[in-house]
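Working notes, beginning with the structure itself.
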Amino acid sequence: MILSVASGKGGTGKTLVATSLALSLEGQMPVQLLDCDVEEPNAHILLRPAIDSSEPVTVPVPVVDKETCTYCGLCSEVCAYNAIAVAGRTVLVFRELCHGCGACSYVCAARAISEEPRQVGVVESGRVGTMGFAQGRLNVSEAMAGPVIRAVKKLADSKATVILDAPPGTSCPVVETIRGSDFCLLVTEPTPFGLSDLTIAVEVAREMNAPCGVVINRDGPGDESVERYCAQEAIPVLMRIPFDRRIAEAYCRGETLAACMPSWQQAFRELFDKVRGLAAVGSVS
Amino acid sequence: MKIAISATAPHLDGDLDPRFGRCQYLLVVDSESMEFEAIENPAMSAPGGAGIQAAQLVAQKGVEAVITGDCGPNAYQVLSAAGIPVFGGASGSVRDVVEAYRNGKLSSIAAASTGPGAGMRGGIGGSFIGGGRGGGMGGGRRR
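Sequence order for the protein chains is A and B.
For the numbering used here, count along the first sequence from 1 and bump the result up by 6.
For the numbering used here, count along the second sequence from 1 and bump the result up by 1312.
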């Protein structure tokens, strides 16, 4: 089963929930945690995995053979990203704009375009006890997280419970992470900002056909609007984590909920049972 | 001489648009006869590579010079490859700018005058909001 942990609003506690859940299930069943926030992976800070492998992630970019090229300009017409330009008797490739779609080499009548890999990041993998772990790291200044996220997800073990720690927000990297999930856990906070971004995240999860449930973090202060919204939309609230200074202190020391308060391990296992039940029903909530 | 000028309006009495890649119109003007063609700039709302697209468009029109305010690094690279000099730092109405060019009052620039993506921030009537390179677009296709 593939469970993604997303949020909408950043800083609500995705990584706290994802890592606590993973640690609570470790030892009970095969578990993997894949950190898909490739621009800013942070699960490793809490889990301290033993990394044993690092693989580059590449995107194919065009290489033009100047001898064979006829400068017809068709490659540049077909490129949706303006990554290849024909000017005078020169072909210019703007590698950082290239999305690796292959259209230019496909249409080239002179067969003058070949492809070479351009590295955009790495995927590092290892273990945390019996838990499988992997994270992606997008190279600084790269604009596209997609290829690295896909490379991380490729390591998902179909026999394990796979937990994906999603990036914040609701744009392309989040869509790429949630795609194909059996369930999407949305972590929010009981505030107007939390609610506002939660509603967008729910739309995305529904668009991706992932049933979803909510975890309310820092519950206590704040308002009822998130609970009301969930009730209205028939989205189950699966856990409430109280606003508790001890939790914040532990997190700042790099400790998950499961590690600092063992009673949470039981709570996360119960959360997982509920998720498994809801995912089995498979309905889009 | 056929020259391309970044403009805010589709006629000679409108102002020059200080951005090249994301200008509203590209005017291709015959500097002798003042006959012109106004092209709505398709690159204005491109998610990325606007300068590249605009530069290729004017190169295909066979212009011998470009007059604008600021020209970014990608546009500059394409125009240089096409052998088209760029006269930057211009301002005023398109008509006045052509006059200044004819009188040799403008100088060509030897490098891009601004950083990448500058046309996306603010600007006159800039209507493209959000995005950046690759922003809002799918992260490429699986190979």
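C-beta: ideal position from N, C-alpha, C; glycine also.
Under three-state DSSP, which class holds residue i?
{"i": "A:Gly-97", "result": "With the sequence shown as reference, residue 97 of chain A is identified as Val, and Gly is not the correct amino acid for it. It is a strand residue."}
{"i": "B:Ile-1441", "result": "Residue placement at B:Ile-1441 is poorly supported in this model, since its pLDDT is 39, which falls under 50; the coordinates still yield a value, given next. Three-state DSSP puts B:Ile-1441 in coil, outside helix and strand."}
{"i": "B:Arg-1414", "result": "helix"}
{"i": "B:Ala-1362", "result": "helix"}
{"i": "B:Glu-1349", "result": "strand"}
{"i": "A:Arg-124", "result": "strand"}
{"i": "A:Arg-259", "result": "coil"}
{"i": "A:Thr-74", "result": "coil"}
{"i": "A:Asp-279", "result": "helix"}
{"i": "A:Gln-238", "result": "helix"}
{"i": "A:Phe-274", "result": "helix"}
{"i": "A:Glu-61", "result": "strand"}
{"i": "A:Asp-203", "result": "helix"}
{"i": "B:Tyr-1337", "result": "strand"}
{"i": "B:Gly-1450", "result": "Low confidence applies here, because B:Gly-1450 scores a pLDDT of 41, under 50, leaving its location unreliable and the question unanswered by this model."}
{"i": "A:Ser-10", "result": "strand"}
{"i": "B:Ile-1421", "result": "coil"}
{"i": "B:Ala-1355", "result": "helix"}
For residue i, which residues in chain A fall below 8 Å Cβ to Cβ?
{"i": "B:Ala-1371", "result": "Ala-93 and Gly-94"}
Quick one: which chain D residues come within Cβ less than 7 Å of residue i?
{"i": "B:Val-1390", "result": "Structure shown: chain D not included; protein chains present are A and B."}
Within the 8 Å Cβ cut-off, does residue i reach chain A?
{"i": "B:Ala-1367", "result": "yes"}
{"i": "B:Ala-1394", "result": "yes"}
{"i": "B:Gly-1360", "result": "yes"}
{"i": "B:Gly-1451", "result": "Residue placement at B:Gly-1451 is poorly supported in this model, since its pLDDT is 39, which falls under 50; the coordinates are not used for a value here."}
Does chain B have any CB closer than 8 Å to the CB of residue i?
{"i": "A:Leu-103", "result": "yes"}
{"i": "A:Ser-82", "result": "yes"}
{"i": "A:Ser-291", "result": "Residue placement at A:Ser-291 is poorly supported in this model, since its pLDDT is 47, which falls under 50; the coordinates still yield a value, given next. It does not; no Cβ of chain B falls within 8 Å."}
Against residue i, what residues of chain B qualify as contacts under a CB-to-CB distance less than 9 Å, listed in chain order?
{"i": "A:Asn-215", "result": "Residues of chain B passing the Cβ test: none, with the nearest at roughly 18 Å."}
What does residue i touch in chain A if you count any residue whose Cβ is under 7 Å from its own?
{"i": "B:Ile-1364", "result": "Asn-88, Ala-91 and Phe-100"}
{"i": "B:Gly-1374", "result": "Per Cβ cutoff of 7 Å: no residues; B:Gly-1374 is ~11 Å from chain A at best."}
DSSP puts residue i in a beta bridge; with which residues?
{"i": "A:Gly-142", "result": "A:Val-129"}
{"i": "A:Thr-176", "result": "Answer by DSSP bridge pairing: none, since A:Thr-176 is not bridged."}
{"i": "B:Lys-1314", "result": "B:Asp-1342"}
{"i": "A:Val-245", "result": "The question names Val, but residue 245 of chain A is Met in the sequence shown. Answer is A:Val-221, bridged to A:Met-245."}
{"i": "A:Leu-39", "result": "A:Phe-139 and A:Ile-169"}
{"i": "B:Ser-1405", "result": "B:Asp-1327"}
{"i": "A:Pro-68", "result": "A:Glu-121"}
{"i": "A:Val-193", "result": "A:Val-221"}
For a contact meaning CB atoms closer than 9 Å, what does residue i contact in chain A?
{"i": "B:Asn-1386", "result": "Asn-88, Ala-91, Leu-98, Phe-100 and Leu-103"}
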